[in-house]
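Chemist:
Protein chains: 2
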Amino acid sequence: MKDVAAEAGVDTSLVSRLLNADQTLSVRPETEERVMAAVRRLAYRPNTAARTLKTARTMALGMVIPDLSNVIYAEIARGAGDRAAAAGYVLLISGAAAEVRTEILEDRVDGLLYAVATAQSVPDLDVPGAPPAILINRRGPASSPSVVVDDRAGVALATRYLLSLEHRRIAHVAGPQDVDTARRRRRGYVDAMTAAGLDVPAELTVESTFDEEGGAASTAALLRVTPRPTAIVAANSNAAVGAMAAVREAGLSVPQDVSVVGLHDIPHASYLNPALTTVRMPLAEMGGRAVDLLLGMIAGDPGGAVMVTTPPELIVRASCGPPAGR
Amino acid sequence: MKDVAAEAGVDTSLVSRLLNADQTLSVRPETEERVMAAVRRLAYRPNTAARTLKTARTMALGMVIPDLSNVIYAEIARGAGDRAAAAGYVLLISGAAAEVRTEILEDRVDGLLYAVATAQSVPDLDVPGAPPAILINRRGPASSPSVVVDDRAGVALATRYLLSLEHRRIAHVAGPQDVDTARRRRRGYVDAMTAAGLDVPAELTVESTFDEEGGAASTAALLRVTPRPTAIVAANSNAAVGAMAAVREAGLSVPQDVSVVGLHDIPHASYLNPALTTVRMPLAEMGGRAVDLLLGMIAGDPGGAVMVTTPPELIVRASCGPPAGR
DNA sequence: CTGTTAGCGCTTTCAA
DNA sequence: TTGAAAGCGCTAACAG
Chain L
1 MKDVAAEAGV DTSLVSRLLN ADQTLSVRPE TEERVMAAVR RLAYRPNTAA RTLKTARTMA
61 LGMVIPDLSN VIYAEIARGA GDRAAAAGYV LLISGAAAEV RTEILEDRVD GLLYAVATAQ
121 SVPDLDVPGA PPAILINRRG PASSPSVVVD DRAGVALATR YLLSLEHRRI AHVAGPQDVD
181 TARRRRRGYV DAMTAAGLDV PAELTVESTF DEEGGAASTA ALLRVTPRPT AIVAANSNAA
241 VGAMAAVREA GLSVPQDVSV VGLHDIPHAS YLNPALTTVR MPLAEMGGRA VDLLLGMIAG
301 DPGGAVMVTT PPELIVRASC GPPAGR
Chain P
1001 MKDVAAEAGV DTSLVSRLLN ADQTLSVRPE TEERVMAAVR RLAYRPNTAA RTLKTARTMA
1061 LGMVIPDLSN VIYAEIARGA GDRAAAAGYV LLISGAAAEV RTEILEDRVD GLLYAVATAQ
1121 SVPDLDVPGA PPAILINRRG PASSPSVVVD DRAGVALATR YLLSLEHRRI AHVAGPQDVD
1181 TARRRRRGYV DAMTAAGLDV PAELTVESTF DEEGGAASTA ALLRVTPRPT AIVAANSNAA
1241 VGAMAAVREA GLSVPQDVSV VGLHDIPHAS YLNPALTTVR MPLAEMGGRA VDLLLGMIAG
1301 DPGGAVMVTT PPELIVRASC GPPAGR
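If you're matching them up, the sequences are chains L and P in order.
At position 307 of the first sequence the residue is numbered 307 (the numbering used here), and the sequence of numbers has no breaks.
Basically the numbering used here = 1-based index in the second sequence + 1000.
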């Protein structure tokens, strides 16, 4: 910047105010032109570290995604990244779970988004000295800041669809019940069943992890129940993929013997065999809203627990049909 | 740091050298103890921006992944992140393709990893003033720094497996041929075919994108060729998923009518119907090697074009069988 | 064994 | 309309 100032024959402070579009400044147009020309000629780019040191703002937001291989985070990150960019921030993603790395991240961002879906320990938000942080797709203790989608409505929608197909023995491959997201999904299942006047026998809900392996294992267990369930609502689509595999493994077929629905419309869904019926959730929007909330907190707002209520959307494909014998 | 120094009754420079484990320093144990106690009591954490400003090193590495929804990048990033952490660096991932954001990233890292698999324009490496950068899973012009795996060997392995099953009319769903990775994969197919003394008719290779949709479209075209191919080697596993869908769409089945192999052992592979036979590539290792190379360049090394030669591994599942009529 | 000092590149208040 | 000056928090060369 010193070079630019010298080249333009002005003081560095003028260059700085020009570059930051300082409103309270009035410059002679020719001076401004001279400075801008120097900036271009020298290909000047401000030093982020110096700016950060001076202003105490990094203009970056961090997002922690322990499970980068789960594609739904790609969509959440896309929504978050776009919103951050619109506000002049960069979104920096860290794939690490390790608390150490999170601490290192903290020093480089003005705020933190935690996308931790599994039962992993919830990070301590509101650590003194650390930047504001919020949970994405998960709620924390009390009213700690968070943004979630309406999981309950999503799973209820899936379940109602199965009910409309005349299924009555509908099972639920539930997510880990120590995670609120999984609990809300389960509640959506129970809601829809009871609203239809049906019992919700305990043996038709099996808790599992959020992955294919968990979905397969719980489904295998479910298929041993008598009378056998005719349909399965999986807590997410990876588990649904596992569920379909388990149905085949048992010598049965989807959807003739067992129908399967998954939550989250993953890219593979329409290419599976059979194509997986899913419920699409507003994931990108959740990412965007999370950034809004975080930006508000950086500005001094208290935060809060947000739910994105954009209605889930049923994507009907081939993995569901009427129950056998109908 | 000033507070810590005051609390311990020493100078800040001593605190700094203690915290950075300065070897040339000898301290009285009791003094060190006093400083460390102060650090703990005040929960002191150094200011990254100030340190960066002073040392001109961020101790961060950036990784640009335009397509975060492609799970293979999760594995590459894991390998890169672990290696970076071992060297005392944080890996910061950006999901953005936009050049603007890349520029912003440049200011925050000591080096950049570009994981751009598709035909998107190759970023300018070696921009004056910008930190060193290398390409991952892709080669650039001339001998610009890059790290790739042995795609040619991977696809050749897949093709040889099909040959060992007695297939002769083996088709290739190729990736975009303006991407070197896709070209090398294609060469692997041609290698294996010619090594077996077979012709490689042009109509049995169809160029497509690296996703499910592309795989499905090219396979549909391939199935219209007469005589129809009995097996397909897909340039990656997402395309293979699309290929299997297209085979079914044509009223045929995998592997009875058409066998399918995919490159990259994605998590879904073993849960597909049928389970997808794949070739596992050393992706995490590629990420790690990329970090090694980049770290070397940061230290002043010239860089170079690296290929990870760890042998690809065939994962046999259910999507391949002998050709019909055998 | 420990302290002094200068300065990294920028922003911002105040003065001219 | 522009410049001077202080200082953000740290490191490193040098002095004591």
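The beta carbon of each residue, even a glycine, is placed where N, CA and C say it ideally should be.
1. In whole angstroms, what separates the C-alpha of P:V1173 from that of P:V1179?
2. Quick one: complete alpha helix (DSSP H) runs, 4+ long, within the region 106-162 of chain L?
3. Taking all protein chains shown into account, do 16 or more other C-beta atoms lie within 10 angstroms of the C-beta of P:R1041, making it buried, or fewer, making it exposed?
4. Ignoring anything shorter than 4 residues or poking outside the region 21-76 of chain L, list the alpha helix (DSSP H) runs there in chain order.
5. On a CA-only basis, which of P:V1127, P:A1221 and P:A1158 is nearest P:M1281? Give me that one, please.
6. Using the C-alpha atoms, what's the distance from L:T48 back to L:M59?
7. Please go through the same chain and pick out, in chain order, the residues whose beta-carbon is closer than 6 angstroms to the beta-carbon of L:A318, but skip the five residues on each side of it.
8. Of all the residues that make up the region 1269-1286 of chain P, which are near chain L by a beta-carbon distance shorter than 9 angstroms?
9. Using 8 angstroms as the cut-off, can you tell me whether the region 68-76 of chain L makes contact with the region 125-132 of chain L, which would need three or more C-beta pairs spanning the two stretches below that distance?
10. What in chain L is Cβ-close to P:M1244, meaning under 8 angstroms?
11. Could you round the C-beta distance between L:T31 and L:V10 to whole angstroms and report it? I think they count as a contact, below 8 angstroms.
12. Taking P:L1068 as the reference, give the member of L:I266, L:V254 and L:N236 with the closest Cα.
13. Between P:T1118 and chain L, is the shortest Cβ-Cβ distance under 8 angstroms, so that the two count as touching?
14. Listing by chain order, which chain P residues have their CB less than 7 angstroms from the CB of L:S208?
15. Just the Cα atoms here: how many angstroms apart are P:S1026 and P:N1020?
16. Please tell me whether L:D107 has its Cβ less than 8 angstroms away from any Cβ of chain P.
17. Which chain P residues sit within Cβ distance under 7 angstroms of L:V241?
18. So, under 8 angstroms CB-CB, L:A156 and L:A192 are touching, yes? Tell me the CB distance rounded to an integer number of Å.
19. Using beta-carbon positions only, say whether L:L61 and L:V308 come within less than 8 angstroms of one another.
20. P:M1307 bridges to which residues according to DSSP?
21. Answer yes or no: do P:P1145 and P:G1304 have a C-beta to C-beta separation smaller than 8 angstroms?
22. Please list the terminal residues of the continuous beta strand (DSSP E) segment that includes P:L1314.
23. Looking at the structure shown, is P:A1318 part of a helix, part of a strand, or coil, going by DSSP?
24. Classify L:T277 as helix, strand or coil using the three-state DSSP reduction.
25. Could you work out which residues of chain L lie near P:T1052, taking near to mean beta carbons separated by less than 7 angstroms?
26. For L:D151, count neighbouring Cβ atoms within 10 angstroms of its own Cβ and tell me buried if that reaches 16, exposed if not.
27. What in chain L is Cβ-close to P:I1104, meaning under 7 angstroms?
28. In this structure, how does DSSP classify L:G79 when only helix, strand and coil are distinguished?
29. First and last residue of the beta strand (DSSP E) that includes L:S253?
30. Does P:G1079 get closer than 8 angstroms to chain L when you measure Cβ to Cβ?
31. L:I232 by DSSP, collapsed to three states: which one?
32. Below 8 angstroms, how does it come out for the region 1199-1207 of chain P and the region 1164-1172 of chain P: are there three or more Cβ pairs, yes or no?
33. What residues in the region 134-147 of chain L bring their beta carbon closer than 9 angstroms to a beta carbon of chain P?
34. Show which residues of chain P have a CB atom less than 8 angstroms away from the CB atom of L:I315.
35. Residues of the region 208-234 of chain L with a CB closer than 9 angstroms to any CB of chain P: list them in chain order, please.
36. Is it the case that the Cβ atoms of L:A117 and L:F210 are separated by a distance below 8 angstroms?
Modeler: Well, looking at it:
1. Here residue 1173 of chain P is taken as the residue at index 173 of the second sequence, counted from 1. Here residue 1179 of chain P is taken as the residue at index 179 of the second sequence, counted from 1. Going from the Cα of P:V1173 to the Cα of P:V1179 covers about 14 angstroms.
2. none
3. In the second sequence, residue 1041 of chain P corresponds to position 41, counting from 1. Exposed: under 16 other Cβ atoms inside 10 Å.
4. 29-41 and 48-55
5. Along the second sequence, read from residue 1 onward, the residue named residue 1281 of chain P stands at position 281. Of P:V1127, P:A1221 and P:A1158, the residue nearest in Cα terms is P:A1158.
6. Counting from one through the first sequence, the residue named residue 59 of chain L turns up at place 59. Counting from one through the first sequence, the residue named residue 48 of chain L turns up at place 48. Those two C-alpha atoms are separated by around 9 angstroms.
7. For this step, residue 318 of chain L is matched to residue 318 along the first sequence. Here the set comprises P274 and A275.
8. S1270, Y1271, L1272, N1273, P1274 and A1275
9. no
10. If you number the second sequence from 1, residue 1244 of chain P lands on position 244. Those within 8 angstroms of P:M1244 in chain L are Y271 and N273.
11. Here the question's residue 31 of chain L lines up with position 31 in the first sequence. Here the question's residue 10 of chain L lines up with position 10 in the first sequence. Correct: roughly 7 angstroms between the Cβ atoms.
12. Sequence index remark: in the second sequence, residue 1068 of chain P carries index 68 (1-based). When each option's Cα is compared against that of P:L1068, the closest is L:I266.
13. Taking the first residue of the second sequence as 1, we reach residue 1118 of chain P at position 118. It does not; no Cβ of chain L falls within 8 angstroms.
14. What you label residue 208 of chain L is simply residue 208 of the first sequence in a count that begins at 1. In chain order: nothing, as chain P lies at least about 14 angstroms away.
15. Within the second sequence, numbered from 1, the residue matching residue 1026 of chain P stands at position 26. Within the second sequence, numbered from 1, the residue matching residue 1020 of chain P stands at position 20. The alpha-carbon atoms of P:S1026 and P:N1020 are separated by roughly 13 angstroms.
16. As a first step, residue 107 of chain L must be located in the first sequence, where it is residue number 107. Interface residue, yes.
17. Stepping through the first sequence from its first residue, residue 241 of chain L is reached at position 241. Ordered by position in chain P, the residues that pass the 7 angstroms Cβ test against L:V241 are H1268 and Y1271.
18. Position 156 of the first sequence, counted from the start, is the residue given in the question as residue 156 of chain L. Position 192 of the first sequence, counted from the start, is the residue given in the question as residue 192 of chain L. Indeed they touch by this definition, with Cβ atoms about 4 angstroms apart.
19. Within the first sequence, numbered from 1, the residue matching residue 61 of chain L stands at position 61. Within the first sequence, numbered from 1, the residue matching residue 308 of chain L stands at position 308. Not in contact: L:L61 and L:V308 (Cβ atoms no closer than 8 angstroms).
20. By one-based count along the second sequence, residue 1307 of chain P stands at place 307. Answer by DSSP bridge pairing, in chain order: P:V1148.
21. Position 145 of the second sequence, counted from the first residue, corresponds to residue 1145 of chain P. Position 304 of the second sequence, counted from the first residue, corresponds to residue 1304 of chain P. Result yes, Cβ atoms of P:P1145 and P:G1304 sit closer than 8 angstroms.
22. By 1-based counting over the second sequence, the position of residue 1314 of chain P is 314. From DSSP, the beta strand (DSSP E) with P:L1314 extends over E1313 to I1315.
23. To locate residue 1318 of chain P, count along the second sequence from 1; it is residue 318. Correct three-state label for P:A1318: coil.
24. Counted from its first residue, the first sequence places residue 277 of chain L at position 277. The answer is strand: DSSP assigns L:T277 an E or B state.
25. Walking along the second sequence from the start, residue 1052 of chain P turns up at place 52. The answer, in chain order, is A49.
26. For this step, residue 151 of chain L is matched to residue 151 along the first sequence. Buried: at least 16 other Cβ atoms inside 10 Å.
27. Here residue 1104 of chain P refers to the residue found at position 104 when the second sequence is read from its first residue. Correct list: V90.
28. Within the first sequence, residue 79 of chain L is the residue found at index 79, counting from 1. Looking at L:G79 - three-state DSSP - the assignment turns out to be helix.
29. For the purposes of this step, residue 253 of chain L is identified with residue 253 of the first sequence, where counting begins at 1. Careful: L:S253 lies outside any beta strand (DSSP E) and carries neither H nor E.
30. The sequence position of residue 1079 of chain P within the second sequence is 79, counting from 1. No - not a single Cβ of chain L is within 8 angstroms of the one on P:G1079.
31. Against the first sequence, residue 232 of chain L aligns to sequence position 232. In the structure shown, L:I232 sits in a strand (DSSP, three-state: E or B).
32. yes
33. none
34. Residue numbering aside, residue 315 of chain L sits at position 315 when the first sequence is read from its first letter. Going along chain P, no residue has its Cβ under 8 angstroms from L:I315, so there is no contact; the nearest lies around 15 angstroms.
35. D211, E212, E213, G215 and A216
36. Walking along the first sequence from the start, residue 117 of chain L turns up at place 117. Walking along the first sequence from the start, residue 210 of chain L turns up at place 210. Cβ atoms of L:A117 and L:F210: closer than 8 angstroms.
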